[in-house]
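Below is one structure, written out as structure tokens, with a few remarks after it.
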Amino acid sequence: MIRQAALALLLTVSAFFPARAEDAPQMKAYTSFDGATISYHELGEGPVVVLFHGFSGNADLNWFQPGIAQKIAAAGYRVIAPDLRGHGASQVPDDPKSWPSDAIARDQIALTAHIGEVPYATVGYSMGAITALRFHLLSRNTGRLILGGIGDSVADEFNTDRNTAFRAAIEAAIAGETTPAAKAILARAKATGGTLQGYLGALSARTYTPADLLATFTVPTLVLSGDQDLDNGSGPALAAKIPNARYTQLTGTHLTAVLDPALPAAIIADLNAGR
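Listed below in structure tokens is the structure:
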């Protein structure tokens, strides 16, 4: 279960990421399967690498401010990084309870149709990695998977601990409470352009991928997590459930492992291995 201290850390984690003005991506948008407008960043040329960010973040915070997207583009890839539905610039007006199941993963199917290319690789961190699994399950439309910040608990479709903790913090913030968790999630929304209602929608549409379905994956898969990150279970145990998967350990917690230089290095090495 998410600890209140971990949620409170969301208040300050954006300060770890220095602003980067160089290599600014293009901002674009497309119409998704249900008419929602979804925004995405594009940078570089070459095989398409799609990047999915984590819960309550956005593409800029997760991938561009730490310089990860720029390094991938510089290595010879076309980076496509959406602000996931309910996050950043991809706001939807619907009641969170009305979100279709797997809405965020289905948005990515619409994204690949929009750009007209099958992704060479699909990369996700935390919620983005959960989305990557769902996207591949529904579309079977990527050449390789790189999954950061998740472990074997995402193969348990009955595990609601993480969602429950986030939902409690969001509902407390909506109610005007000033607990550390409520203050953290509200600050996160203000810092990233997200909304509390959008976050609730993302939670309502979230679906995990059980082990029997992971066993049907045939694409090369890399699982990455910090040595202090058990927020979503065990990374090595998740890799053991996916055929052709391997595990690489990073340094840090769930939130700080994205700052480990080994993260972009491992991503690029895996991308290059398939070319």
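Start counting the sequence shown at 863; every next residue gets the next number (the numbering used here).
Backbone N, C-alpha and C fix where the C-beta goes; we use that ideal spot for every residue, glycine too.
Keep in mind that this is a model prediction, so the values were computed, not measured.
Could you tell me the alpha carbon to alpha carbon distance between residue i and residue j, rounded to whole angstroms?
i: Val875; j: Asp896; result: Confidence at Val875 is low in this model, with a pLDDT of 46, below 50, so its placement is unreliable and the value that follows should be read with caution. Going by the C-alpha atoms only, they are around 33 Å apart.
i: Arg1137; j: Ile1036; result: 48 Å
i: Ala1099; j: Ala1017; result: 10 Å
i: Ala883; j: Gly950; result: Per-residue confidence for Ala883 stands at a pLDDT of 46, beneath the threshold of 50, marking its modelled position as unreliable; the derived number appears in the next sentence. Each residue's alpha carbon lies about 18 Å from the other.
i: Gly1013; j: Glu1033; result: 26 Å
i: Thr1004; j: Thr984; result: 6 Å
i: Ile930; j: Leu923; result: 10 Å
i: Ala935; j: Ile1129; result: 12 Å
i: Ala1135; j: Arg1006; result: 10 Å
i: Ala1101; j: Ser1087; result: 11 Å
i: Glu1039; j: Lys1045; result: 8 Å
i: Ile900; j: Leu1062; result: 17 Å
i: Gln888; j: Thr1115; result: 31 Å
i: Ser963; j: Arg1024; result: 18 Å
i: Asp1122; j: Ser1001; result: 31 Å
i: Thr974; j: Asp1089; result: 33 Å
i: Leu872; j: Ser918; result: Confidence at Leu872 is low in this model, with a pLDDT of 46, below 50, so the placement of that residue is unreliable and no value is reported for it.
i: Gln1111; j: Ala991; result: 16 Å
Cα-Cα, which of the options is closest to residue i?
i: His1139; options: Asp945, Thr899, Val941; result: Residue 1139 is absent from the structure shown; the chain starts at 863 and stops at 1137.
i: Ala1067; options: Lys959, Asp1091, Pro1126, Gly1038; result: Lys959
i: Ser894; options: Ser1087, Ile977, Leu1112; result: Ile977
i: Gly1011; options: Gly1095, Ala931, Asn1106; result: Gly1095
i: Gln953; options: Trp925, Ala898, Ser1001; result: Ala898
i: Glu907; options: Phe917, Gln932, Trp925; result: Gln932
i: Leu905; options: Phe917, Phe926, Asn1106; result: Phe926
i: Thr1071; options: Met989, Gly1060, Asp956; result: Met989
i: Tyr1109; options: Gly1097, Thr974, Ile992; result: Gly1097
i: Asn1021; options: Ala1073, Leu1058, Ser918, Ile966; result: Ala1073
i: Leu1092; options: Leu1117, Ala1107, Leu1075; result: Leu1117
i: Pro928; options: Ala886, Tyr939, Pro955, Ala965; result: Ala886
Please confirm whether residue i and residue j have their CB atoms less than 8 Å apart.
i: Ala891; j: His903; result: no
i: Lys1103; j: Ala1077; result: yes
i: Glu979; j: Val910; result: yes
i: Val1085; j: Pro981; result: no
i: Ile1008; j: Asp1132; result: yes
i: Thr1113; j: Ala1124; result: yes
i: Gly948; j: Gly1055; result: no
i: Leu1058; j: Ala1049; result: no
i: Phe1079; j: Pro1105; result: yes
i: Ala1107; j: Thr1083; result: yes
Does the ligand MN have even one heavy atom less than 7 Å from the beta-carbon of residue i?
i: Thr1054; result: No copy of the ligand MN occurs in the structure displayed, which carries no ligand at all.
Three-pair Cβ contact test at 8 Å for the region 986-999 versus the region 957-971: Contact between the region 986-999 and the region 957-971 is present, because at least three Cβ pairs lie under 8 Å.
What are the complete alpha helix (DSSP H) segments, minimum 4 residues, inside the region 1038-1064? List check, alpha helix (DSSP H) in window: 1042-1054.
Which runs of the alpha helix (DSSP H) at least 4 residues long sit entirely within the region 965-1021? Give them in chain order. Taken in chain order, the whole alpha helix (DSSP H) runs of length 4 or more contained in the region 965-1021 are 965-977, 989-1001.
So does the region 1027-1043 actually touch the region 1053-1070, counting three or more Cβ pairs closer than 8 Å? Of all C-beta pairs linking the region 1027-1043 to the region 1053-1070, three or more are shorter than 8 Å, placing the two stretches in contact.
Could you tell me which uninterrupted alpha helix (DSSP H) segments, each at least 4 residues in length, are contained entirely in the region 885-932, listed from first to last along the chain? Within the region 885-932, no complete alpha helix (DSSP H) run reaches 4 residues.
Quick one: which unbroken beta strand (DSSP E) runs of 3-plus residues sit fully inside the region 1078-1104? Chain order, please. For the region 1078-1104, whole beta strand (DSSP E) runs of length 3 or above, ordered along the chain, are 1083-1088.
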